[in-house]
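K.L.:
Structure below; questions to follow.
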Amino acid sequence: MNSRTLSATYPPLQGQYLSPTQVISLHLLLHKPHDGGESHDSRFGSYIINKHLQTNSNPKAQELLGHLPPSVSSSLQALTARFWEDWDAVRKYVTALPMICDSSSRQDIDVDRFRLGDSALTTDYVWAWLNVNTRCIYYRLDPSVSSPLNMTLCPILDFANHAPTATHIKPVLPLDSELWAAPTGPRKHTKRLGGDYAFTSNCETTIPPDTELFLRYGSHPNRKLFVEYGFTNTWHEGDLQRGRCDGEVDVQDIVEEHFKAKGPIADTMRRILDEEGYWGDWTMHASPPAHPSYRLITALRLLHCKDDDVQHDRVGHWKAVVLGEQAIISQEHEQAWRNTLLKICETLIERANSNIVGLNERTLRPEHGLPDWYEWMLGNVRRLWLEELEVASCVAQSVQSGVEF
1 MNSRTLSATY PPLQGQYLSP TQVISLHLLL HKPHDGGESH DSRFGSYIIN KHLQTNSNPK
61 AQELLGHLPP SVSSSLQALT ARFWEDWDAV RKYVTALPMI CDSSSRQDID VDRFRLGDSA
121 LTTDYVWAWL NVNTRCIYYR LDPSVSSPLN MTLCPILDFA NHAPTATHIK PVLPLDSELW
181 AAPTGPRKHT KRLGGDYAFT SNCETTIPPD TELFLRYGSH PNRKLFVEYG FTNTWHEGDL
241 QRGRCDGEVD VQDIVEEHFK AKGPIADTMR RILDEEGYWG DWTMHASPPA HPSYRLITAL
301 RLLHCKDDDV QHDRVGHWKA VVLGEQAIIS QEHEQAWRNT LLKICETLIE RANSNIVGLN
361 ERTLRPEHGL PDWYEWMLGN VRRLWLEELE VASCVAQSVQ SGVEF
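Residues 1 to 405, numbered by UniProt numbering, are exactly what the sequence shown covers, in order.
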């Protein structure tokens with residue numbers, strides 16, 4: 001189920017198609033079965049299964065959300081905003097093309113419900129949207145490898161759960177799909193879009209009979225897994241440092257505070273970084289040797305340029321480093337931004353330790369009447385802070401050991 005197989009059912013509005021996420025979610029919504037029932041969609045009904053979505057208004061859920069690391073909260077808010085943008089686009093689309101409702105296999109669908117955005121229909125769209133956001137896979141449908149059109153829901157495969165290490169099954173892209181990415185000269189080649197997926201077993205893993213087959217979703221830090229899928233990878237102390245897990249921390253909030261401390265010059269620095277494409281997405285990584293991202297290094301190098309040079313746009317030396325025309329601005333300048341990186345690590349370590357202590361106290365003082373999921377989710381939140389702590393500690397050790405980044 002993808003934008004191509006659904007295109008005949010959902011025509012463009014004023015020349016503009018819905019995005020893949022929007023159109024697949026809309027189709028699931030229009031053919032959502034009753035709890036435990038079967039979908040009556042003639043094309044995909046056999047694969048559309050509904051388990052009742054429980055919207056969690058428990059105050060304990062809100063309480064745990066308040067204990068998330070700032071970068072996780074920020075990512076979660078961005079995901080929520082994306083959902084509302086998609087729902088708004090779908091509502092406007094159906095309101096403008098009310099005949100879309102006629103294609104629904106449900107008896108309770110009408111255009112007024114979309115126009116008003118009633119709460120029950122919104123909850124149904126949450127169910128549909130979460131299925132798409134967590135279950136879709138990369139599938140080549142466009143000549144551009146990075147096109148947002150390259151996604152699909154794949155029957156059966158969408159049941160696969162995640163394993164953090166070895167995957168049991170390896171998806172093999174259709175051979176054609178990667179060949180026509182690169183131009184081969186003036187001669188045009190017509191390649192088949194899409195194609196069948198193949199799956200092979202992992203020869204490094206023994207799979208006994210009746211074993212659930214797991215699929216590694218990708219090399220994602222726990223922040224990404226938590227926001228997109230609602231869980232975190234479990235790991236043991238030292239695993240991140242040894243490269244056994246994908247440890248990453250987003251330090252946007254802390255770095256922004258360092259820029260704000262520059263006073264009036266901060267806005268100019270942000271403008272320069274925006275123009276050069278280096279504002280935001282500042283991360284640190286535990287994979288050995290533990291290191292800051294190049295984007296973070298670039299931002300910190302500008303942070304330590306002389307204020308007068310920044311104010312009068314005399315940052316050619318900084319741009320020369322960005323372009324690779326020179327290695328560094330000066331040894332003193334390198335030491336200055338590395339010192340700031342160490343302060344960022346210390347801030348992270350202090351903040352993570354404080355929150356871990358608070359979460360551990362909740363574990364030592366269990367309350368009566370807690371929902372079944374609470375302890376499990378508390379463990380996820382704790383692992384988010386533990387990842388920040390270990391990544392920051394590893395990067396701080398790299399700085400103190402003089403590792404070159």
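Built from N, CA and C at the ideal position, the CB exists for glycine as well.
Computed from a predicted structure; not experimentally measured.
Which runs of the alpha helix (DSSP H), 4 residues or longer, sit entirely within the region 38 to 92?
P.N.:
59 to 65
K.L.:
Roughly how many angstroms lie between the CA atoms of A182 and P171, to the nearest whole one?
P.N.:
For A182, the predicted structure reports a pLDDT of 39, less than 50, and the residue's modelled location is therefore unreliable. The matter cannot be settled from this model.
K.L.:
What are the residues that DSSP puts in a beta bridge with F199?
P.N.:
DSSP output for F199 lists P171 as bridge partner(s).
K.L.:
Just list the beta strand (DSSP E) runs in the region 247 to 279, keeping only unbroken ones of 3 residues or longer that don't cross its boundaries, in chain order.
P.N.:
248 to 250
K.L.:
Suppose the cutoff is 6 Å on Cβ atoms and the five residues either side in sequence are ignored; what does the same chain contact list for T184 look like?
P.N.:
Low local confidence applies: a pLDDT of 38 at T184 is under 50, so the model's placement there is unreliable, and no value is given.
K.L.:
Can you tell me which of the three DSSP states N161 falls into?
P.N.:
strand
K.L.:
Assign W180 to one of three DSSP states: helix, strand, or coil.
P.N.:
In this prediction, W180 has a pLDDT of 42, which is less than 50 and means its spatial position is unreliable; nothing more can be read from the coordinates.
K.L.:
Pull up the CB-CB distance for G247 and H285, whole angstroms please, since I reckon it's below 8 Å.
P.N.:
7 Å
K.L.:
Does DSSP put I328 in a helix, in a strand, or in coil?
P.N.:
coil
K.L.:
Can you look up H317 in the DSSP assignment and give me helix, strand or coil?
P.N.:
helix
K.L.:
Do S25 and V90 have their CB atoms nearer than 8 Å?
P.N.:
yes
K.L.:
Under the rule that 16 or more other beta-carbon atoms within 10 Å means buried, what is I48, buried or exposed?
P.N.:
Residue burial is scored here from C-beta neighbours: I48 has at least 16 other C-beta atoms within 10 angstroms and is therefore classed as buried.
K.L.:
Please return the same chain residues whose Cβ sits closer than 6 Å to the Cβ of T340, not counting the five positions on each side in sequence.
P.N.:
L300
K.L.:
Please classify T298 as buried or exposed, where buried requires at least 16 neighbouring CB atoms within 10 angstroms.
P.N.:
buried
K.L.:
In angstroms, rounded to a whole number, what distance separates the CA positions of E390 and R382?
P.N.:
12 Å
K.L.:
Tell me which residues share the same chain as L273 and place their Cβ nearer than 7 Å to its Cβ, disregarding the 5 neighbours each side in the sequence.
P.N.:
W279, A299, L302
K.L.:
Mind checking which residues open and close the beta strand (DSSP E) that includes T123?
P.N.:
Run containing T123: none in the beta strand (DSSP E); it sits in the alpha helix (DSSP H), 119 to 135.
K.L.:
So, with DSSP's three-state summary, where would you put T206?
P.N.:
coil
K.L.:
State the DSSP-derived secondary structure class of T95, mapped to helix, strand or coil.
P.N.:
helix
K.L.:
Per DSSP, what are the beta-bridge partners of residue 479 in this structure?
P.N.:
There is no way to answer for residue 479, as the model of the chain reaches only from 1 to 405.
K.L.:
From A260 to A266, what distance separates their C-alpha atoms?
P.N.:
The amino acid occupying residue 260 in the given sequence is Lys; Ala does not appear at that position. Those two C-alpha atoms are separated by around 6 Å.
K.L.:
In whole angstroms, what is the alpha-carbon distance linking V111 and L30?
P.N.:
11 Å
K.L.:
With a threshold of 8 Å, are at least 3 pairs of Cβ atoms found where one atom belongs to the region 157 to 168 and the other to the region 211 to 220?
P.N.:
yes
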